[in-house]
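Colleague: Numbering (my numbering), first residue to last: 13 to 210. Heads up, the beta-carbon is just placed ideally off N, CA and C, and yes, glycines get one too.
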């Protein structure tokens, strides 16, 4: 049986080794889900983006782009949102990263000072090669969702609170267009990532 705490430590060590901050392009920004996307999907309209974009290159491994929403700078109902997309050059590493993301969320919840748990939802449709969807619960109240999906060499890790979905089909209706855009982008860059490993 795999040890989640061990995987979390491995994940942290990998991320800290040979990481290079880089400028994120407008195209890459468009792949990431923001509080505006979630608000518009729920019929709440849009606000000025209050989050931060980032991009990190990992030597001989992958690149990662991220959007993280700062809840203190706007009055939207979304309290927290973070979307990370990891593009791995090697398929086996993408499979490992998928496991590591899930382990990190679960260990993080257990280490939290609040009573945070993740209740996995069953999904009957295939949304990627591997997928994990859960409701975040705090003190027995549903407060958000966590979603980890691997599509070939690309891993999406999405977590948000303030709103939640208990219907996985409805959740994927929300994220599907961004996922398909990332699929197209991945097709264009995968050869460049593989060159990093040569």
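Distance check for residue 68 and residue 34, CA to CA, integer angstroms please.
Modeller: 6 Å
Colleague: Does the Cβ of residue 49 lie closer than 8 Å to at least one heavy atom of the ligand COA?
Modeller: Looking at this structure, you won't find the ligand COA or any other ligand, since it has none at all.
Colleague: Pull the bridge partners of residue 226 from the DSSP assignment, please.
Modeller: Outside the modelled stretch of the chain, which goes from 13 to 210, sits residue 226, for which no answer is possible.
Colleague: Give the C-beta separation of residue 113 and residue 169 to the nearest angstrom, bearing in mind that I take them to be a contact with Cβ-Cβ under 8 Å.
Modeller: Between the beta-carbon of residue 113 and that of residue 169 there is about 5 Å, and that keeps the pair under the 8 Å contact cut.
Colleague: Assign residue 167 to one of three DSSP states: helix, strand, or coil.
Modeller: Of the three classes helix, strand and coil, the one that applies to residue 167 here is strand, per DSSP.
Colleague: Does the distance from the C-beta atom of residue 75 to that of residue 162 stay below 9 Å?
Modeller: No, these two residues do not count as a Cβ contact at 9 Å.
Colleague: Would you call the CB atoms of residue 146 and residue 157 closer than 9 Å?
Modeller: yes
Colleague: When you compare each of 177, 139, 138 to residue 149 by their alpha carbons, which one comes out closest?
Modeller: Here the closest residue by C-alpha is 177.
Colleague: State the Cα-Cα distance for the pair residue 159 and residue 144, rounded to the nearest angstrom.
Modeller: 6 Å
Colleague: Please go through the same chain and pick out, in chain order, the residues whose beta-carbon is closer than 6 Å to the beta-carbon of residue 132, but skip the five residues on each side of it.
Modeller: 146
Colleague: Pick out whichever of 166, 118, 198, 140 has its Cα sitting closest to the Cα of residue 184.
Modeller: 140
Colleague: Looking at C-alpha atoms only, which residue of 138, 191, 195, 179 is the closest neighbour of residue 45?
Modeller: 191
Colleague: With a Cβ-Cβ cutoff of 9 Å, do residue 77 and residue 47 count as a contact?
Modeller: no
Colleague: Quick one: what's got a C-beta closer than 8 Å to residue 195's C-beta in the same chain, skipping five residues either side?
Modeller: Excluding residues within five positions, the ones whose Cβ falls inside 8 Å are 163, 164, 166.
Colleague: Specify, as a first and last residue, the run of the beta strand (DSSP E) that residue 64 falls within.
Modeller: 64 to 70
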